[in-house]
Amino acid sequence: MSVTVRIPRVLSQAVTSGVRHQAEGENLAEVLENLFSREPGLENHLLDEDGRIRPHVLIFVDAARADLDTPVGPTSEIQVLQAVSGG
Amino acid sequence: MMRILVGTEKGAYLLTESGSDWQVDGPMFPGWKVTAFGQTSGGARVAATGSNWFGVGVHHSENLLDWKPSDSPPTWPEGSDRKMEQIWTFHNEGDQLLAGVAQAGLFSSDDGGMSWVPVTSLNEHRTRDQWTPGAGGLCAHRILSGNGSMWVGISAVGVFRSDDKGVTWLPKNDGIPSVDTAEGGERPEVGYCVHGLAHDPDEPDHLWRQDHQGVFRSTDGGDTWERIEDGLPAGFGFVMWRHPGTGRLLTIPLESSENRVPVDGMLSAYASDDNGSSWRVAGSGWSDAPQFTGVLRRAFDGDGNGGFCFGTSGGKLWLTRDIGDTWHELNASFPRIAAVSIVT
Numbered sequence: 048m049s050v051t052v053r054i055p056r057v058l059s060q061a062v063t064s065g066v067r068h069q070a071e072g073e074n075l076a077e078v079l080e081n082l083f084s085r086e087p088g089l090e091n092h093l094l095d096e097d098g099r100i101r102p103h104v105l106i107f108v109d110a111a112r113a114d115l116d117t118p119v120g121p122t123s124e125i126q127v128l129q130a131v132s133g134g
Numbered sequence: 004m005m006r007i008l009v010g011t012e013k014g015a016y017l018l019t020e021s022g023s024d025w026q027v028d029g030p031m032f033p034g035w036k037v038t039a040f041g042q043t044s045g046g047a048r049v050a051a052t053g054s055n056w057f058g059v060g061v062h063h064s065e066n067l068l069d070w071k072p073s074d075s076p077p078t079w080p081e082g083s084d085r086k087m088e089q090i091w092t093f094h095n096e097g098d099q100l101l102a103g104v105a106q107a108g109l110f111s112s113d114d115g116g117m118s119w120v121p122v123t124s125l126n127e128h129r130t131r132d133q134w135t136p137g138a139g140g141l142c143a144h145r146i147l148s149g150n151g152s153m154w155v156g157i158s159a160v161g162v163f164r165s166d167d168k169g170v171t172w173l174p175k176n177d178g179i180p181s182v183d184t185a186e187g188g189e190r191p192e193v194g195y196c197v198h199g200l201a202h203d204p205d206e207p208d209h210l211w212r213q214d215h216q217g218v219f220r221s222t223d224g225g226d227t228w229e230r231i232e233d234g235l236p237a238g239f240g241f242v243m244w245r246h247p248g249t250g251r252l253l254t255i256p257l258e259s260s261e262n263r264v265p266v267d268g269m270l271s272a273y274a275s276d277d278n279g280s281s282w283r284v285a286g287s288g289w290s291d292a293p294q295f296t297g298v299l300r301r302a303f304d305g306d307g308n309g310g311f312c313f314g315t316s317g318g319k320l321w322l323t324r325d326i327g328d329t330w331h332e333l334n335a336s337f338p339r340i341a342a343v344s345i346v347t
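Just so you know, the protein sequences line up as chains F and A, in that order. For the first sequence, position 44 (counting from the first letter as 1) is numbered 91 according to this note's numbering, and the numbering increases by one without interruption. For the second sequence, position 51 (counting from the first letter as 1) is numbered 54 according to this note's numbering, and the numbering increases by one without interruption.
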């Protein structure tokens with residue numbers, strides 16, 4: 048089951064191509080692990096040293112904020128949000 | 004033809020001399036802080052990026068414009084009580100590339116920065132539970148080596164020296180006031196806020212130090228330090244640099260810890276030609292207009308041939324080509340400048 052994962056443009060420097068990717072898995076953790084196997088440079092930017100989603104990094108599955116256990120369906124879309132601050 | 008890499012709060016820029024003007028390429032790494040530059044033993048350039056939420060990155064380039072990310076930048080091991088906040092500096096030691104990071108320690112790479120391992124001999128030093136951050140964080144920001152010894156500056160911990168290729172480390176801060184010990188109190192082993200560090204490559208035991216608490220020198224590898232501020236308008240600052248050919252020292256005084264701008268807004272480097280015994284304004288060309296800005300510790304670089312460049316927290320660049328006798332401000336403005344590297 049392949050789903051779409053969109054990453055913010057600022058993270059495009061960490062991947063081999065673009066901001067739209069396909070990955071497989073039954074939940075968010077599996078999808079990310081599959082994505083990292085092809086885009087290893089992305090892992091450090093989304094997960095912290097202990098394998099948790101970094102603080103302030105928001106990932107949505109089908110428009111709902113997700114954690115690593117969130118189930119992913121065959122038509123799901125996953126969006127990593129662009130974090131911003133002022134100035 | 005001089006080229007200068009400029010790392011800022013918002014991306015990096017490459018300045019290339021073009022006649023009497025400069026061509027500016029960038030921003031590279033848009034959306035990222037660019038915090039340090041280095042060079043591998045193979046000659047590739049490396050750049051460190053950082054973010055308030057996406058962690059750090061290490062990138063490689065052969066042409067200074069196209070950069071390839073490392074898949075495995077420095078990372079604290081799983082379960083560590085430290086977070087990887089920023090890469091502060093790179094240093095070549097033989098075929099090894101070293102990185103100083105916050106939260107402090109040191110990492111080493113044997114493959115030109117593609118993968119990294121922590122230097123546990125320093126990172127897990129017996130004093131580690133006493134390490135505390137300065138205003139800029141708990142950061143390893145300066146690495147020097149020579150004659151088989153190595154020095155690492157960590158804020159606000161102090162200078163460490165290793166005489167056995169990094170197997171063991173000793174704090175070397177005698178003569179430096181600590182950041183938080185009352186006068187007359189017992190001197191702690193660590194707790195010294197080194198800001199800048201330079202040495203004589205031919206006599207590496209001769210060191211100069213811009214510390215939070217003033218300007219100091221050592222002639223015994225850091226075993227002892229003496230204050231050297233004659234002629235300086237203030238003891239505070241971040242920069243300490245030495246020209247290898249003439250021995251001229253350069254620093255940029257700022258008013259105080261509380262007010263980190265030039266005294267009376269008169270921005271200038273100060274030079275010493277007597278190993279720090281006396282200081283004077285470095286040459287001419289400085290602006291008469293108020294310059295209430297700062298110069299950060301990695302925002303200064305020299306090319307070894309008399310060229311020096313520094314960037315300010317206000318985004319301006321200053322350059323000399325004659326070891327600091329004449330200076331001029333480049334006609335461009337950038338975001339807050341964190342790192343500068345003259346590419347030779």
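All C-beta atoms, glycine included, are put in the ideal place defined by N, C-alpha and C.
- Per DSSP, the continuous beta strand (DSSP E) segment holding residue 95 of chain A begins and ends at 89-96.
- Within the stretch 115-139 of chain A, no residue has its Cβ closer than 8 Å to any Cβ of chain F.
- Put simply, of A:318, A:255, A:328 the residue whose alpha carbon is nearest the alpha carbon of residue 11 of chain A is A:318.
- Within the same chain, Cβ atoms closer than 6 Å to the Cβ of residue 268 of chain A are found at 293, 294, 295, the five residues on either side in sequence being excluded.
- Residues of chain A whose Cβ lies closer than 7 Å to the Cβ of residue 58 of chain F are, in chain order, 57.
- A straight-line Cα-Cα distance of about 14 Å links residue 314 of chain A and residue 240 of chain A.
- Among the CB atoms of chain A, none fall inside 8 Å of the CB of residue 74 of chain F.
- The C-alpha of residue 244 of chain A lies about 55 Å from the C-alpha of residue 49 of chain F.
- Residues of the stretch 54-81 of chain A whose Cβ lies closer than 9 Å to any Cβ of chain F, in chain order: 54, 55, 56, 57, 58, 59, 60, 62, 70, 72, 73, 74, 75, 76, 78, 79, 80, 81.
- Comparing alpha-carbon positions, the option among A:298, A:153, A:205 lying closest to residue 253 of chain A turns out to be A:298.
- Residues of chain A with a Cβ closer than 7 Å to the Cβ of residue 84 of chain F do not exist, since the nearest Cβ in that chain sits about 11 Å away.
- Residue 89 of chain A and residue 38 of chain A have their alpha carbons spaced roughly 7 Å apart.
- Closest in C-alpha terms to residue 72 of chain F, from the list F:132, F:65, F:84, F:131, comes F:84.
- For residue 85 of chain F, the enclosing alpha helix (DSSP H) begins and ends at 75-85.
- DSSP places residue 124 of chain A inside the alpha helix (DSSP H), whose first and last residues are 123-126.
- Assigned with DSSP and collapsed to three states, residue 42 of chain A falls in strand.
- Within the same chain, and ignoring the five residues on either side of residue 227 of chain A in sequence, the residues whose Cβ sits closer than 7 Å to its Cβ are 177, 178, 221.
- When C-alpha distances from residue 75 of chain F are compared across F:122, F:128, F:113, the shortest belongs to F:113.
- In the three-state reduction of the DSSP assignment, residue 100 of chain A falls in the strand class, which pools E and B.
- CA-to-CA, the gap between residue 113 of chain A and residue 152 of chain A works out to about 19 Å.
- Taking 8 Å as the cut-off, the Cβ atoms of residue 103 of chain A and residue 145 of chain A count as close.
- Under the three-state reduction of DSSP output, residue 119 of chain F falls in the coil class, being neither helix nor strand.
- At a cut-off of 8 Å between C-beta atoms, residue 98 of chain F counts as an interface residue with respect to chain A.
- When the five nearest sequence neighbours on each side are left out, the beta carbons in the same chain lying within less than 7 Å of the beta carbon of residue 61 of chain F are those of 88, 89, 92, in order along the chain.
- Ranked by Cα distance from residue 230 of chain A, the options A:219, A:223, A:236 are led by A:219.
- Sequence-ordered contacts of the stretch 79-111 of chain A with chain F read 79, 80, 81, 82, 83, 85, 86, 87 [C-beta pairs closer than 9 Å].
- A straight-line Cα-Cα distance of about 11 Å links residue 124 of chain F and residue 106 of chain F.
- Counting only unbroken stretches of 3 or more residues, the beta strand (DSSP E) elements lying wholly within the stretch 235-290 of chain A are 252-254, 273-275, in sequence order.
- Beta-carbon to beta-carbon, residue 340 of chain A and residue 302 of chain A are separated by about 5 Å, close enough to satisfy the 8 Å threshold.
- Residue 8 of chain A: member of the beta strand (DSSP E) spanning 6-11, first to last residue.
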